[in-house]
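Everything on this sheet refers to the single structure shown next.
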Amino acid sequence: MGSLEQRLIGLFRRLFRSTITGYLTLLFGLASLGLVFGYASASMYGVEHGINLIAYWHIPLALVGGVALTVTFAGCVLFLVTGTRFWEQLAHASGEIGFIFATLTLVTGSAWGRVIWNTWWDWSDIRLVTFLFVWFIYAGYLLIYSSAGGSGRVSRLASVYGVVGFITVPISYASTRLWTTRLHAPSIGNPDAEAAISASVLLVSLVAFLLLYVYLLGSRVRLHALTTRVSELKNRSQTETYKSTEAN
Numbered sequence: 086m087g088s089l090e091q092r093l094i095g096l097f098r099r100l101f102r103s104t105i106t107g108y109l110t111l112l113f114g115l116a117s118l119g120l121v122f123g124y125a126s127a128s129m130y131g132v133e134h135g136i137n138l139i140a141y142w143h144i145p146l147a148l149v150g151g152v153a154l155t156v157t158f159a160g161c162v163l164f165l166v167t168g169t170r171f172w173e174q175l176a177h178a179s180g181e182i183g184f185i186f187a188t189l190t191l192v193t194g195s196a197w198g199r200v201i202w203n204t205w206w207d208w209s210d211i212r213l214v215t216f217l218f219v220w221f222i223y224a225g226y227l228l229i230y231s232s233a234g235g236s237g238r239v240s241r242l243a244s245v246y247g248v249v250g251f252i253t254v255p256i257s258y259a260s261t262r263l264w265t266t267r268l269h270a271p272s273i274g275n276p277d278a279e280a281a282i283s284a285s286v287l288l289v290s291l292v293a294f295l296l297l298y299v300y301l302l303g304s305r306v307r308l309h310a311l312t313t314r315v316s317e318l319k320n321r322s323q324t325e326t327y328k329s330t331e332a333n
């Protein structure tokens, strides 16, 4: 392991052990709740309805979910290049969280769309369809990884899958600008957007979900490391017991 890689892994581990992230997650989470229910307008797309407030969590879930899947991609690449187990564990942990965030994005988006667009789902909308592809791709990644059972070959296969499957993520996030979409018109940098979303409230919610992601990622990576350590001790104990039996 190179010195640069050692320093980078050490930086990640210090970040994941820090208690500051947890406190900041709680602080910004409470701020997001207070601003959404106490300040943000419930009027969007010409519709006055409380369901519009879900936008302040739906959008951050989608954005931070994309960040999580990007970290999975980077972790898979680094594991394939270096063979260091930490990157594999980071990729898998981030993939789990990204998949959860993607699932919540689909659920909250469907609930929001049912009121605003009068439909739970529209197969003609390119953003919805491409994001569903992302969901299936990473469900496959988690299934392949879970079948590894400590096998290096299967772990590398899961990492290759994580690298190749990542192409669906930028395609989905850029789809509203690459193709004409029925429901999801670009809102950032688009003066004709109909959604009247408070940028300040959205930013606080985005930071809250980003901090939540980092906190959950740290917890999951530490659990991965603990599980690996326990497995190593168990295997060592079994080996020593076998050698002792052979000697007797």
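Counting in the working numbering, the final residue of the sequence shown is number 333, and the numbers go up one at a time with none missing. Positions of the beta carbon are idealized from the N, C-alpha and C atoms, including for glycine. Nothing here was measured: the structure is a model prediction, and the numbers come from that model.
What do you get for residue i, buried or exposed, if any count of 16 or more other CB atoms within 10 angstroms of its CB means buried?
i    : result
F122 : exposed
G151 : buried
S232 : exposed
P276 : Bear in mind that a pLDDT of 46 at P276, under 50, signals an unreliable position, so the number given afterwards is only what the model happens to contain. Exposed is the call here.
F101 : buried
T104 : exposed
N318 : A small fix is needed here, since residue 318 is Leu in this sequence, not Asn. Under this definition L318 is an exposed residue.
V132 : exposed
Does the CB of residue i have a neighbour CB from chain B at under 8 Å?
i    : result
R241 : Chain labels in this structure do not include chain B; a single protein chain is all it has.
Quick one: what's got a C-beta closer than 6 Å to residue i's C-beta in the same chain, skipping five residues either side?
i    : result
F216 : S257
L165 : S244
S117 : V289, S290, A293
Verify whether the separation of the beta carbon atoms of residue i and residue j is less than 8 Å.
i    : j    : result
L154 : Y223 : yes
A147 : S283 : no
Y219 : T253 : Before going further, note that residue 219 is Val rather than Tyr in the sequence given. It is a contact, given that the beta carbons lie within the stated cut-off.
Y141 : H177 : no
S240 : E173 : yes
V306 : L163 : no
T167 : E90  : yes
V315 : L120 : no
V200 : W208 : no
R170 : T313 : yes
I94  : L287 : no
For residue i, collect the residues of the same chain with a Cβ closer than 7 Å to its Cβ; drop the 5 residues on either side in sequence, then sort them by chain order.
i    : result
L296 : T106, L109, T110, F113
Y226 : G180, A243, Y246, G247, G250
C161 : A176, S244, G247, V248
T204 : G198
V192 : none
L189 : L146
F221 : none
A127 : E133, H134, G135, N137, L138
Going by DSSP, what residue range makes up the alpha helix (DSSP H) through residue i?
i    : result
Y141 : 140-167
Y230 : 211-231
F251 : Premise fails: F251 is in no alpha helix (DSSP H) and is neither H nor E.
W172 : 170-201
I94  : 88-102
T204 : Taken as a continuous stretch (DSSP letters only), T204 belongs to no alpha helix (DSSP H), as it is neither H nor E.
Y108 : 105-123
Note down, in chain order, each residue of its chain lying with its Cβ closer than 8 Å to the Cβ of residue i, except the 5 sequence neighbours on either side.
i    : result
H309 : Q174, H177, A178
S285 : L120
W206 : S195, G198, L213
Using 8 Å as the threshold, is the stretch 189-202 in touch with the stretch 132-140, meaning 3 or more CB pairs across them? With the cut-off at 8 Å, the stretch 189-202 and the stretch 132-140 touch.
Indicate whether the contact test is met: 3 or more Cβ pairs, each with one atom in the stretch 246-257 and one in the stretch 294-313, closer than 8 Å. Cβ pair count under 8 Å is below three, so no.
With a cut-off of 8 Å, do at least 3 Cβ pairs link the stretch 174-190 to the stretch 301-316? Remark: three or more beta-carbon pairs, one from each stretch, lie closer than 8 Å, so the stretch 174-190 and the stretch 301-316 are flagged as touching.
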